[in-house]
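What follows is one structure encoded as structure tokens, with my remarks underneath.
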Amino acid sequence: MIKTVIKKGAYFDSVSLMQVAKKLNSVRGVSDSAVVMATKENKGIIKASGLLTREILDAGDNDLAIAVRASTPAAADAAFAAAEELLNRKPSRDLTGGERKAAGLEDAVKSLPGANMAIVSVAGRFAGPLAADCLEKGLNVMLFSDNVPLETELELKKAALRKGLLVMGPDCGTAIINGVPLAFANSVRRGNIGVVAASGTGAQEVTSLISNEGAGISQCIGTGGRDVKLEVGALTFLQGLKLLATDPATEVILLVSKPPHRSILKRISAEIKRVKKPVVAVFLGGEVGERVKGDFYPARTLEEAAFKAAALGKGQEVNKARELIYDLNLKAGELARKEAAKKKNSRFLRGLFSGGTFVSEAQVILPELIGKVLSNAPLDKKHKLADSMELSGHSVIDLGEDEFTVGRPHPMIDFTLRDKLIVSEAGNPAVSVLLLDLVLGYGSNPKPLDDILPALREAFRANKELSVVASVTGTEADPQVRSRVVKGLEAAGVLVMPSNAGACRLAGEIIRLSVKR
Amino acid sequence: MKLFESELKVVNIGLESFRQGLNDSGVKNVQAQFKPPLSAETSLFARTAKRAARITRANKKALDRILAARPALVGMGIALDVVPGMRKDLILHAGPPVSWEKMCGPMRGGVMAALMYEGMAKTPGEAARLAASGKIKYAPCHEHGAVGPMAGIVSASMPVFIVKDEAHGNYSYATQNEGLGKVLRYGAYSTEVIERLNWMEKELYPALKSALEFLGRIDLKTMVAQALHMGDEVHNRNRAGTSLFYRAIAPAVIRTCKDPERAAKALDFINGNDHFFLNLSMALSKASLDAGRNVKDSSLVVVMARNGTEFGVQLSGTGGRWFTGPAPVPDALYFPGYSKADANPDIGDSAITETNGLGGFAIAAAPAIVQFVGGSASDAAGYTLAMYGITAGESDSYKIPSLDFRGTPTGIDVIKVAKTGVLPFIDTGVAHKDPGVGQVGAGVLSAPPEPFARAFEHFARSLK
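Okay, structure coming up:
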């Protein structure tokens, strides 16, 4: 049965609501739930899950709708009671240090003299005007919210340029400013490498790898993925590049993005030429065709880019990066041979990713080892999976795509969906290698081992030939502590690599060698 | 870039979990609450933003007048003689205009009590018929310079306090508070109610009137300022204000009242009613806010009032126009034997105190009543602090000791309310929904959004 409760005029941000929904699903007798503001978009979303009741249809934008599919009325009531408690829970004192919340932006700015940055993560339809107000008050903005209209993004970015402020985003997940991790970011060393990234996961990967290599980050400016599209014209990307070019603490610049539009790439190249500092760039799946300048270093993977930047940052030869990767490959080769030896009938690779940029990177690396790779987020449209939930052949999927995330938290926080897929894919005897990413740091799942190990154990039990290869993005200073997570995964039988590129190469190599046999 | 050379200080709006990274890095940060704006018409916000300088100037002018007001109790009189526009067939009530048909139970009860008190009806049934006959006219107290708690009924023969804003020369009026229990303002109309009203007219009023004539005036502004330092917010708690008033009036009553027994009864009545001062703090607020009326382009709220059916708002810049919406039922602490199911929607002109920066806006000053707002003094402080986000300024007279004597948040700006979605916070008593039962609880509530949304939209649209 499906039961609904509508709470009129109660506003909660969507992430809080999704956290509530997640908890409701764990109530005994509840098989599915939705806790959403009854907006038109949300009604569309929950329609798919079959939870769209008459009451929800009749509710309005400012009403909170709670729907549960439960086996008994008692179970539904228990879920509603749980929801009530979660929604009314007061923030713990220690989080706020006993201090109060500001009533709104104006109040906040008054109570924090000298405020210079706003992190905005409210629902997209409110985020634009709010970000504009932040700029008006002289604040730089990290705009985490997505679903902000394109024209709003343009207006915000133009206003920011006029005022000499930064608007990072919309849909910007990661930034590190003055050594401080903002939103989904890792605790990295400070140093002389400045990053501009149009990809949040990409930024997390390169800053963590650089830090783990003993180099450090001066600033990491996020732009949001749409910035490098033709319509926005890389306004923030170019602004960030210029800022780093004149920042005395930045000696090396690293650019990270999916391939920008051709004409935009030209503009970026022209700007790079003017920079009197070495510039490393990775445009995943694309290339900078021309020779930009003497100290410009293109890279194919995030790993290569990070290692090159780290070498330059430490004053080493840039070739040091190639040596590093060569050494890693040597070790991976040995591991791959061992793994390949246990394969008899299985032959497919399945990549289950929480970071979208890692899916791109996998498609850059894997094809030359194992041939055609399908994806729900293909670099080449020809390789699109017919059904994102039906993996076939060698395939890699981005679980952070909208089709999976509506109504539930991002897969870096909530492992439920991936855990299900780990178990179901391992249950297919043709599957030989599972390729995973674990992204640590602020914002991500605080207890990744607790949430993933049960699924992995079940997978290994079900499939005796299975290899699981994973990368762990993060540092020792992250709240989850990288080495602890690595140890836990290895103890469970997972082959852990220092980077996603490394994990892709190992996974591909295992398949390549076992097919040869 | 300046940002790179400055200490990072972050305002976090949305996901609170993002503060962990900031706190771990030792970065100063503040969480700003986010609520959706009250109006979905973003163009209207742009309209007001474009004219922000002009509106800010107008609001400053209105607020300066409100703060400069010097309300003093200067005398007493009979409503028919002193309240502007008062007539024998007119009954004033709390809140925005409402017809007999739409009146809630307690307000109808109050009207019936008044008609019996005026001698226009002998029985409740007769009173109800007369009230519905069309022979009796109804008007908001606010449209006659008056304010009344709960049902807010003022009829022709009722004695009223006369409060004068000595800075600007305007007047306001309020009846004498009847005390708790079965009283007219909660819709009670039994014989004891009428008898008490008669006593208040025949004995209490003359005693207080002569005492006031003897004293000349009582400065209400300093009295309220002192009451805040003594634990009142002068809406739900008036114990200090009542005591201060008693100290001021008692010697004069003794001197002027010829019959010691009468004097003692009058003083005992005040002494026995902790809310006696409420009507005075309301009249003081009314006189102050009326001074801030009719400032062109000002978006300040000069009236918040409820009639038990609707909640109404008036702005300085939009004249006598009411903006209304349904009155909510307060989330209150109920007296034993009663629950929210018994409660009438919010009622009374007493939200004039909040409009003036007192009551719920000053609840941080009243630790004795924090059980209404979650039980801790910091909860109360939180409510007061939140109101600074929607007000144009701070009082230079009414100060809160626990906030280092910060002035109370004063001058509700409807633009700020509409934009932040933060609604004025109001202390209130709760009437039973049936006439004649009386008070069933007390508590707090946020004002409903509709009147403010409507006021904002009208204000923004009519800006030149």
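Here the protein sequences line up with chains U and E, keeping their order.
Each residue of the first sequence is one higher than the last, beginning at 11 in my numbering.
Each residue of the second sequence is one higher than the last, beginning at 2 in my numbering.
The beta-carbon is built from N, C-alpha and C at its ideal position, and this holds for glycine as well.
From a predicted model like this one, the values you see are computed outputs, not experimental measurements.
Assigned secondary structure, residue i (DSSP; H/G/I helix, E/B strand, else coil)
i, result
"residue 108(U)", "Bear in mind that the predicted position of residue 108(U) carries a pLDDT of just 47, short of 50, making it unreliable; the figure below should be weighed with that in mind. Reduced to three states, the DSSP call for residue 108(U) is coil."
"residue 407(E)", "strand"
"residue 325(E)", "strand"
"residue 102(U)", "Residue placement at residue 102(U) cannot be trusted, given a pLDDT of 39 that sits under 50; what the coordinates show is reported in the next sentence. Residue 102(U) falls in the coil class under three-state DSSP."
"residue 515(U)", "helix"
"residue 176(E)", "strand"
"residue 78(E)", "strand"
"residue 175(U)", "coil"
"residue 398(U)", "coil"
"residue 230(U)", "strand"
"residue 166(E)", "strand"
"residue 456(U)", "coil"
"residue 493(U)", "helix"
"residue 190(E)", "coil"
"residue 435(E)", "coil"
"residue 459(E)", "helix"
"residue 118(E)", "helix"
"residue 384(E)", "helix"
"residue 113(E)", "helix"
Distance, residue j Cα to residue i Cα
i, j, result
"residue 431(E)", "residue 333(E)", "7 Å"
"residue 112(E)", "residue 389(E)", "38 Å"
"residue 367(E)", "residue 428(E)", "11 Å"
"residue 241(E)", "residue 61(U)", "56 Å"
"residue 148(U)", "residue 176(U)", "10 Å"
"residue 389(U)", "residue 416(U)", "23 Å"
"residue 287(E)", "residue 146(U)", "36 Å"
"residue 218(E)", "residue 74(E)", "6 Å"
"residue 166(E)", "residue 198(E)", "28 Å"
"residue 185(E)", "residue 384(E)", "31 Å"
"residue 370(U)", "residue 115(U)", "38 Å"
"residue 57(E)", "residue 364(U)", "49 Å"
"residue 398(U)", "residue 421(U)", "15 Å"
"residue 462(E)", "residue 134(U)", "26 Å"
"residue 201(U)", "residue 186(U)", "12 Å"
"residue 107(U)", "residue 315(U)", "Reliability of the predicted coordinates at residue 107(U) is poor, the pLDDT of 40 falling under 50, and the value obtained from them is presented with this limitation in mind. So the two alpha carbons sit approximately 40 Å from each other."
8 Å Cβ cut-off: residues of chain U touching residue i
i, result
"residue 46(E)", "139"
"residue 28(E)", "190"
Per-residue contacts from residue i into chain E (C-beta, under 8 Å)
i, result
"residue 127(U)", "4, 9, 10, 11 and 12"
"residue 116(U)", "390, 417 and 421"
Residues bridged to residue i [DSSP beta-bridge criterion]
i, result
"residue 191(U)", "186(U)"
"residue 443(U)", "359(U) and 477(U)"
"residue 160(E)", "79(E)"
"residue 264(U)", "205(U) and 290(U)"
"residue 308(E)", "348(E)"
"residue 151(U)", "128(U) and 177(U)"
"residue 428(E)", "445(E)"
"residue 385(U)", "394(U) and 406(U)"
"residue 507(U)", "481(U)"
"residue 334(E)", "443(E)"
"residue 395(E)", "410(E)"
"residue 313(E)", "306(E) and 325(E)"
Neighbouring residues, chain U, relative to residue i (Cβ below 9 Å)
i, result
"residue 64(E)", "Within 9 Å Cβ-Cβ: nothing; residue 64(E) doesn't reach chain U, min ~16 Å."
"residue 34(E)", "111, 112, 113, 114, 117 and 118"
Partners in chain E for residue i, counting only beta-carbon separations shorter than 7 Å
i, result
"residue 121(U)", "31"
"residue 348(U)", "Within 7 Å Cβ-Cβ: nothing; residue 348(U) doesn't reach chain E, min ~39 Å."
"residue 203(U)", "Going along chain E, no residue has its Cβ under 7 Å from residue 203(U), so there is no contact; the nearest lies around 14 Å."
Contact set between residue i and chain U, taken where Cβ atoms lie within less than 7 Å
i, result
"residue 469(E)", "Nothing can be reported for residue 469(E): it is not among the residues displayed for chain E, which extend from 2 to 465."
"residue 387(E)", "113"
Chain-ordered neighbours of residue i on chain E, where CB pairs are closer than 9 Å
i, result
"residue 52(U)", "Those do not exist, as residue 52(U) stays about 14 Å from chain E at its closest Cβ, beyond 9 Å."
Any chance the segment 28–40 of chain E sits against the segment 200–217 of chain U, with 3 or more Cβ pairs inside 8 Å?
no
Stretch-stretch touch, CB-based, cutoff 8 Å, three pairs: the segment 65–78 of chain U with the segment 45–54 of chain U
yes
Three or more C-beta pairs below 8 Å linking the segment 245–254 of chain U and the segment 478–493 of chain U:
no
Assess, as a yes-or-no matter, whether the segment 304–318 of chain E is touched by the segment 75–89 of chain E under the definition of 3 or more beta carbon pairs within less than 8 Å.
no
Counting Cβ pairs closer than 8 Å, one from the segment 408–421 of chain E and one from the segment 393–400 of chain E, do we hit at least three?
yes
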